[in-house]
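Presented below is the structure to which this report refers.
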């Protein structure tokens, strides 16, 4: 199947939409876990409506073989949101962005481990640049302190759960469309979060619905919708590095809308991250190096799948 031309830009757009999520979590007049629940619960009917609009002949219920994977993906996503939302209110936003995006590195590592091969030199360079760029971008604002150690740990745990969610979504989707996959996964996540939201400290019913509505629309429907659509068409490396658009977008948003001053390391950090994103789209970053073998007769061996010249 041919990769859609705009798969990577769509993934970047979906990832960028997630960058506003922490702001809505903080301004919502409900608890952290309650905002996670509302993010999923309010998105469920919209996702099912979009699934029906895009595939009118599609069955309302997913195939039976996909149900366990869909529920597991929803469970991982619920755990990700629970840890992430608890961490956001217990640490600095810069730390939350830095540690929460550890999935950008964990997801490619899982991909290389599953494929049982090392990354190509170009892929390794892209990962190094991504790590260096995110370090420059977040280095001035992120900090290490015992006061927000729990929040930092929760954000990193969220990244682990999000990595597991991305891995499982590959199996959960099967032949389903993006919306037909994301809708039941979101429903499963909301079901998992409901009892937690009811017993956790904090308001359950918001007085101001706008923050949680925007959280559901921006982060879940649009953000996750674009990410899940593009995910099967991208390598784990491209998907992982693409997640780093979130801190880039957050820094640019702060500069353009909130008049926040970019530091001397922010601009080089953003430039290096964009360089890493360009590198991951190169074919040499996705393909393992061809092993050159010389047969006993001394002639060159044609790589598998290639047509030998006459």
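Numbering (the numbering used here), first residue to last: 669 to 978.
Each residue gets a CB set at the ideal place from its N, CA and C atoms; glycine is no exception.
Residue i versus the options, residue with shortest Cα-Cα distance
i: residue 873; options: 682, 778, 689 and 706; result: 706
i: residue 935; options: 836, 804, 791 and 826; result: 804
i: residue 979; options: 730, 824 and 775; result: No statement about residue 979 is possible, as the shown extent of the chain runs from 669 to 978 and does not include it.
i: residue 674; options: 714, 897 and 753; result: 897
i: residue 908; options: 756, 701, 753 and 773; result: 773
i: residue 818; options: 870, 756 and 714; result: 756
i: residue 827; options: 861, 795, 764 and 838; result: 764
i: residue 778; options: 836, 736, 881 and 886; result: 836
i: residue 843; options: 697, 877 and 733; result: 733
i: residue 678; options: 895, 795 and 938; result: 895
i: residue 691; options: 780, 937 and 886; result: 886
i: residue 839; options: 736, 729, 795 and 714; result: 736
Cβ shell of residue i (< 7 angstroms), same chain only, five flanking positions each side left out
i: residue 841; result: 849 and 900
i: residue 684; result: 913, 914 and 917
i: residue 949; result: 676 and 906
i: residue 716; result: 851
i: residue 830; result: 748 and 771
i: residue 957; result: Residue placement at residue 957 is flagged as unreliable, the pLDDT there being 44, under the threshold of 50; the coordinate-derived value follows with that caveat. Taken in chain order, the residues that qualify are 788.
i: residue 722; result: 845 and 847
i: residue 888; result: 707, 708, 711 and 854
i: residue 800; result: 940
i: residue 860; result: 742, 743 and 746
i: residue 794; result: 905, 909, 944, 947, 948 and 953
i: residue 866; result: 872
i: residue 862; result: 705
Nearest-angstrom Cβ-Cβ length linking residue i and residue j, presumed shorter than 8 angstroms
i: residue 911; j: residue 769; result: 6 angstroms
i: residue 864; j: residue 783; result: Not quite, the Cβ-Cβ distance comes to about 36 angstroms (not below 8 angstroms), so this is no contact.
i: residue 893; j: residue 682; result: 7 angstroms
i: residue 798; j: residue 944; result: 4 angstroms
i: residue 880; j: residue 703; result: 6 angstroms
i: residue 766; j: residue 802; result: 7 angstroms
Sequence-distant residues of its chain with Cβ nearer than 6 angstroms to residue i (five each side left out)
i: residue 853; result: 738, 741 and 742
i: residue 884; result: 707, 710 and 711
i: residue 855; result: 712
i: residue 719; result: 847, 848 and 851
i: residue 857; result: 708, 742, 745 and 746
i: residue 890; result: 685
i: residue 876; result: 697
i: residue 776; result: 904, 905 and 908
i: residue 693; result: 703, 753 and 756
i: residue 780; result: 787
i: residue 882; result: 692
i: residue 832; result: 744
i: residue 695; result: 879
Contact set for residue i: own chain, Cβ-Cβ below 8 angstroms, skip 5 residues either direction
i: residue 754; result: 700, 701, 819 and 822
i: residue 938; result: 801, 805, 916, 919 and 920
i: residue 680; result: 910, 913 and 945
i: residue 869; result: 699
i: residue 714; result: 884, 885 and 889
i: residue 871; result: 697, 698, 699 and 702
Residue i Cβ short of 7 angstroms to the ligand GDP heavy atom set
i: residue 857; result: Looking at this structure, you won't find the ligand GDP or any other ligand, since it has none at all.
Item to check | Contiguous alpha helix (DSSP H) assignments of at least 4 residues, all confined to the stretch 695 to 733 | outcome: List check, alpha helix (DSSP H) in window: 700 to 722.
Next on the checklist: Report the start-end ranges of each alpha helix (DSSP H) in the stretch 829 to 879 that is 4 residues or longer and not cut off at the edges.
Outcome noted: Runs of the alpha helix (DSSP H) inside the stretch 829 to 879: 846 to 867.
Item to check | Any alpha helix (DSSP H) of 4 or more consecutive residues that is wholly inside the stretch 742 to 799 | outcome: Those alpha helix (DSSP H) runs which fall completely within the stretch 742 to 799 and span 4+ residues are 761 to 768 and 771 to 783.
Checklist entry - Taking only runs of the alpha helix (DSSP H) that begin and end inside the stretch 881 to 905, which ones reach a length of at least 4 residues, in chain order? => result List check, alpha helix (DSSP H) in window: 893 to 898.
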